[in-house]
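Enquirer:
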Amino acid sequence: MIDIISYHLYHIGMHVTLRQLQVFEAVARHLNFTRAAEELHLSQPAVSMQIRQFEDAVGLPLFEQLGKRVYLTDAGREMFGYSRSIAQLLAEAEEVMEQLKGVQRGHLTVSVASTANYFATRLLAAFVQRNPSITFSLDVTNRETLLRQLEGNERDVVIMGRPPQELDLVADPFMENPLVIVAPPDHPLVAEHDIALERLQSETFVVREQGSGTRIAMERFFAERGVTLTTGMEMSSNEAIKQAVEAGLGLGIVSMHTMELELETRRLVILEVQAFPILRHWYVVHRQGKRLSPVAQAFKNFVLEEAQRFTSAPREPKAAVVTAPG
Ligand code: PGA
Numbered sequence: 222m223i224d225i226i227s228y229h230l231y232h233i234g235m236h237v238t239l240r241q242l243q244v245f246e247a248v249a250r251h252l253n254f255t256r257a258a259e260e261l262h263l264s265q266p267a268v269s270m271q272i273r274q275f276e277d278a279v280g281l282p283l284f285e286q287l288g289k290r291v292y293l294t295d296a297g298r299e300m301f302g303y304s305r306s307i308a309q310l311l312a313e314a315e316e317v318m319e320q321l322k323g324v325q326r327g328h329l330t331v332s333v334a335s336t337a338n339y340f341a342t343r344l345l346a347a348f349v350q351r352n353p354s355i356t357f358s359l360d361v362t363n364r365e366t367l368l369r370q371l372e373g374n375e376r377d378v379v380i381m382g383r384p385p386q387e388l389d390l391v392a393d394p395f396m397e398n399p400l401v402i403v404a405p406p407d408h409p410l411v412a413e414h415d416i417a418l419e420r421l422q423s424e425t426f427v428v429r430e431q432g433s434g435t436r437i438a439m440e441r442f443f444a445e446r447g448v449t450l451t452t453g454m455e456m457s458s459n460e461a462i463k464q465a466v467e468a469g470l471g472l473g474i475v476s477m478h479t480m481e482l483e484l485e486t487r488r489l490v491i492l493e494v495q496a497f498p499i500l501r502h503w504y505v506v507h508r509q510g511k512r513l514s515p516v517a518q519a520f521k522n523f524v525l526e527e528a529q530r531f532t533s534a535p536r537e538p539k540a541a542v543v544t545a546p547g
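Residue numbering for the sequence shown follows our numbering, starting at 222 and increasing by one per position.
(1) From Gly382, Gly327 and Asn363, pick the residue whose C-alpha is nearest to that of Arg429; which is it?
(2) Measuring straight from C-alpha to C-alpha, what distance separates Leu230 and Glu315?
(3) Report whether the distance from the Cβ of Arg501 to the nearest heavy atom of ligand 1 is below 7 Å.
(4) Any idea if Leu310 is buried or exposed, counting beta-carbon neighbours within 10 angstroms, 16 or more meaning buried?
(5) Which residue comes first and which comes last in the alpha helix (DSSP H) that contains Met439?
(6) Just the Cα atoms here: how many angstroms apart are Pro405 and Ser423?
(7) Would you identify the three-state DSSP class for Thr451, choosing helix, strand or coil?
(8) Looking at the secondary structure, which residues open and close the beta strand (DSSP E) in which Asp393 lies?
(9) Figure out for me which residue from Thr532, Met318 and Ser514 has the closest Cα to the Cα of Gly327.
(10) Taking 7 Å as the cut-off, is the CB of Thr452 close to at least one heavy atom of ligand 1?
(11) Which residue spans inside the stretch 227-304 form an unbroken beta strand (DSSP E) run of at least 3?
(12) What would DSSP say about Ile355, mapped onto helix, strand or coil?
(13) Identify which residue in Thr479, Thr255 and Ser332 has its Cα closest to the Cα of Val403.
(14) When the Cα atoms are used, what is the spatial distance from Leu450 to Arg351?
(15) Does DSSP put His414 in a helix, in a strand, or in coil?
(16) Kindly indicate which residue of Ser458, Val349, Ile491 and Met454 has the alpha-carbon position closest to the one of Glu413.
(17) Cβ atoms of Gly471 and Thr221: under 8 Å apart, would you say?
(18) Are there 16 or more other CB atoms within 10 angstroms of the CB of Ser264, so buried, or fewer, so exposed?
(19) Rounded to the nearest angstrom, what separates Arg290 and Ile307 at their Cα positions?
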């Protein structure tokens, strides 16, 4: 039973505490002070005192003692009925609160980076299968928008690449996110191994839009190595980049997580470039100090523990290199 000692029930002329009601209920049920004291882990004098104070507050005697036996007075019998109802209601309230602490119900708001959506939808589907009464809304957008949403505390959790450290965020890494260079199968570099970064300077690249995490990581990687790429063509989705690369518009840089289908059907090939893949990680992120709802907390745990199962991207990207026919 919920034990709220300081919670007072006010009634005209009656000022009793839930604790007194609880002690009264136990004594009335056992008709024995000693047994009630044992059940409540109290001393017998403490029980007697609570009952005395309770009777004072009620304004009527509730027990009478004849010899060694304890009896309820008429008023005591009436009060016993009420105290049992109150105890039941409290137990019920406790149960409902426990349920709310669980994930049986609740709404989850998640935003994921466009690239993360290649596994996030499967992840959410599995989570919903485990918790069928929850509902969720999923926003798929690029890194820049995610950071704005985090700043405005608009979502429960966000799945993205590493967020900037100056923001007041909690970011837990849960899976690798390797970026690779992809080419159509008939590209001359496909047959080569250990391609030097400088060789890429004579190639054209189709790149993601400004504000994309993939784009930022790629730019940083080449800038650090003093390599300048020709990046004339911008596309706002991974799918568009892959289509463009397939169509022969240039080379692309994408996350391995987007490549499942293209590798399977051999429509695209991962080039073996020095220092590649660019190793990044996925993070589950929320504002520092945010009180996650039970369902959001459960989802976060689920992501941290099980996300790896929902992507077919190999942990060792090099092992996935597909060589062109011929
Ligand atoms: P994005 O990926 O390129 O789809 O924005 C997010 C990230 O890698 O941080």
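Built from N, CA and C at the ideal position, the CB exists for glycine as well.
Values in this document were obtained by computation on a predicted structure and should not be read as measured data.
Expert: Short version:
(1) Comparing Cα-Cα distances from Arg429 to each of Gly382, Gly327 and Asn363, the minimum goes to Asn363.
(2) With a pLDDT of 48 at Leu230, under the threshold of 50, the predicted position of this residue should be treated as unreliable, though the coordinate-derived value follows. Leu230 and Glu315 have their C-alpha atoms spaced approximately 18 Å apart.
(3) Yes, the beta carbon of Arg501 sits closer than 7 Å to at least one heavy atom of ligand 1.
(4) Burial call: exposed.
(5) Looking at the DSSP string, the run of the alpha helix (DSSP H) that includes Met439 is Gly434 to Glu445.
(6) Approximately 16 Å, taken between the alpha carbons.
(7) When DSSP states are grouped into helix, strand and coil, Thr451 belongs to the strand group.
(8) First-last of the beta strand (DSSP E) with Asp393: Leu390 to Ala404.
(9) Per the Cα distances, Ser514.
(10) No - ligand 1 has no heavy atom lying nearer than 7 Å to the Cβ of Thr452.
(11) The stretch 227-304 contains these whole beta strand (DSSP E) runs: 229-232, 235-238, 284-287 and 290-293.
(12) Correct three-state label for Ile355: coil.
(13) Measuring C-alpha to C-alpha distances from Val403 to each of Thr479, Thr255 and Ser332 identifies Thr479 as the nearest.
(14) Pairing Leu450 with Arg351, the inter-Cα distance amounts to about 46 Å.
(15) Correct three-state label for His414: coil.
(16) The residue with the shortest Cα to Cα distance from Glu413 is Ile491.
(17) The chain is shown from 222 up to 547; residue 221 falls before or after that span and cannot be answered.
(18) Under the 10 Å beta carbon count, Ser264 is surrounded by fewer than 16 other beta carbons and is classified as exposed.
(19) Distance between the alpha carbons of Arg290 and Ile307: 26 Å.
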